[in-house]
Amino acid sequence: MTLSTEIAAVLLGGGFAILGTFLGAYLNKRATLSTARELAEIERFKYAQDRIWDFRKETYTAILAHLRRASNHADRVFSGYCDEQMHPETYFASDSRKEDEEAKWAAWVDCRKEFEDNLLTLSDDFTKQFYLLIHSFKIIDDNDLPPEAAQKAADIFNGFYPKLLRIAQNEIAPSRPNKS
29 MTLSTEIAAV LLGGGFAILG TFLGAYLNKR ATLSTARELA EIERFKYAQD RIWDFRKETY
89 TAILAHLRRA SNHADRVFSG YCDEQMHPET YFASDSRKED EEAKWAAWVD CRKEFEDNLL
149 TLSDDFTKQF YLLIHSFKII DDNDLPPEAA QKAADIFNGF YPKLLRIAQN EIAPSRPNKS
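The numbers in the working numbering rise by one with no breaks, and the one at position 156 of the sequence shown is 184.
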């Protein structure tokens, strides 16, 4: 081998080393950019999920607060008919019954409005249970005596509140990770 062949081999080997370094750096840069894009996408998804979770939590809280208020007024109306100190007809004509009836149905209207305004963020389970609640009022008949209608309304509100609360809690409360 001559000196010029050896120099050419060294230069060629050095050139390949430099080329390999640049190729490695380029591929490393591409992999890093790809990873960064994936991480950014994951962060955007997490942020969106967190926002939905916060909004859902606020919506459940508002719906359940209105439902609890309606339930409390329904209990007061029914209790008024059962009061031994006052005859049911006297209670029926009383201002306190009228105020509690109005407050009960106003709270129910607020509850339904909150539900309808935020329907897109609610879970399917919560939505199905709420629709069952709405349809449950069909058992109250115009021919029912006022104490019977009051008992049915109180039973409906008191029966569905814990179910909806449980669904909401299961969806918004953090759960423990499974230990494997």
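Each residue gets a CB set at the ideal place from its N, CA and C atoms; glycine is no exception.
Alpha-carbon spacing of residue i relative to residue j, whole angstroms
i: Ala201; j: Phe50; result: 51 angstroms
i: Ala178; j: Glu199; result: 32 angstroms
i: Glu176; j: Asn186; result: 15 angstroms
i: Lys180; j: Gln157; result: 18 angstroms
i: Leu161; j: Thr118; result: 30 angstroms
i: Glu112; j: Ala121; result: 16 angstroms
i: Ser124; j: Ser107; result: 12 angstroms
i: Arg104; j: Asp128; result: 7 angstroms
i: Ile167; j: Asp152; result: 24 angstroms
i: Thr30; j: Leu40; result: 15 angstroms
i: Ile46; j: Leu55; result: 14 angstroms
Beta-carbon contacts of residue i that lie in its chain and below 8 angstroms, excluding the five residues immediately before and after
i: Leu147; result: Thr155
i: Leu92; result: Tyr189, Leu192, Leu193 and Ala196
i: Thr87; result: Glu142, Asn146, Thr149 and Leu150
i: Lys74; result: none
i: Ser99; result: Ala182, Phe185, Asn186 and Tyr189
The alpha helix (DSSP H) enclosing residue i, as first and last residue numbers
i: Lys191; result: Pro174 to Ile200
i: Gln157; result: Asp152 to Ser164
i: Ser122; result: Element bounds for Ser122: n/a, residue is neither H nor E.
Proximal residues to residue i (C-beta, below 7 angstroms), its chain only, five neighbours per side dropped
i: Ala76; result: none
i: Ala131; result: His101
Sequence-distant residues of its chain with Cβ nearer than 6 angstroms to residue i (five each side left out)
i: Phe165; result: none
i: Ala90; result: Glu142
Test: residue i CB closer than 8 angstroms to a CB of chain B
i: Arg194; result: Among the chains in the structure shown there is no chain B, since it carries only a single protein chain.
Practice item. Determine, using beta-carbon pairs with one atom in the region 130-146 and one in the region 82-98, whether at least three such pairs fall under 8 angstroms. Key: yes
Check your understanding: Is the region 98-113 touching the region 68-86 in the sense that three or more CB pairs, one from each, lie closer than 8 angstroms?
Key -> no
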